[in-house]
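Positions 0 to 118 (numbering that gives the first Met the number 0) are the ones given, in order, by the sequence shown. Ideal Cβ placement from N, Cα and C applies to all residues, glycine included. See below for the structure under consideration.
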Amino acid sequence: MFCHLERSWLPHLDQAHPDVLRTLASRILAPLQLGDAQVRPLSVDRLGLRLRIEVRNHAHDVRLAFHQQATTPAQLAIELQRLVSADHVPLNRSERPGRILRSRYPWDSHLGDDFPQRA
C-alpha cells in the first residue's frame, strides 16, 4: 500500500529524523544498551514499521506494529507519532497498542544477550 512512498519516505526518515529512529529503538533496548547502535528503517506497510538495529556487530530486524491499520499517508503519520510518543511498547504479540513483532532469521536462534530487551 505504501510501497510508492517507501522510496522517498524511508530515506527521509533515515537522514532527517535519526532522533525518531533512536527513540523507537529505545522502546526495545534500554537507553544505556542502545549506545552507538545504528538504526535504519527497512519498510513500512499498513500494519507497521520495520527497523534494523545494529548492535555490537549483530543486526536485528524488528517490526513495530501500529495500533490501528494505516491506509492513508495522514494515518501513517498519526500511527508513527503514536509509536514515538508511547510510554511503553509491549513486546507481546497479543498486547495492544503498538505491539512489536520480531523477525527471526536462521542465524538468530534467540535474541538473548546480544539483543538485550528494555526492562
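One thing to note: residue 45 has its Cβ no nearer than 8 Å to the Cβ of residue 80. Looking only at 4, 85 and 0, the smallest Cα-Cα distance to residue 63 is reached by 85. Taken atom to atom, the span from the alpha-carbon of residue 57 to that of residue 71 is near 34 Å.
The straight-line gap separating the alpha-carbon atoms of residue 35 and residue 0 is approximately 33 Å.
Here residue 68 carries a coil assignment [DSSP, helix/strand/coil].
Assigned with DSSP and collapsed to three states, residue 44 falls in strand.
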